[in-house]
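One structure is given below, encoded as structure tokens.
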Amino acid sequence: MSSFLRWVSRAGKRSPSPPHYFPKTGYRLPENAQPIEEELFTHYSSSMFYPVRIGEVLNSRYQTVGKLGY
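Our numbering runs 26 ahead of the 1-based position in the sequence shown.
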């Protein structure tokens, strides 16, 4: 039974996918006259967050594909 469990655990492992590369041009920019809603957070401290970048690979495993907010 233990050899079967070892086989299953090895069969389920796979090598990581190569990172995706995102284009740096070709995006539509908002017009200057278009208002953009912005929220202000009084309790925000930049030292509490990691400044992640789109496309960045974290821990050789997770890739950032999008961000919410700023």
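Just so it is clear, CB atoms sit at the ideal spot from N, CA and C, and this is done for glycine as well.
Please state whether DSSP places residue i in a helix, a strand or coil.
i      : result
Leu102 : Because the chain in this structure spans residues 27 to 96, residue 102 falls outside the shown range and cannot be described.
Return the Cβ separation of residue i and residue j in integer angstroms, given the expectation that the two are a contact with Cβ distance under 8 Å.
i     : j     : result
Pro49 : Gly81 : Not really, about 10 Å apart at Cβ, beyond 8 Å.
Discussion item. Just to confirm the assignment: which complete beta strand (DSSP E) runs, minimum length 3, are found wholly within the stretch 39–63?
Written reply: none
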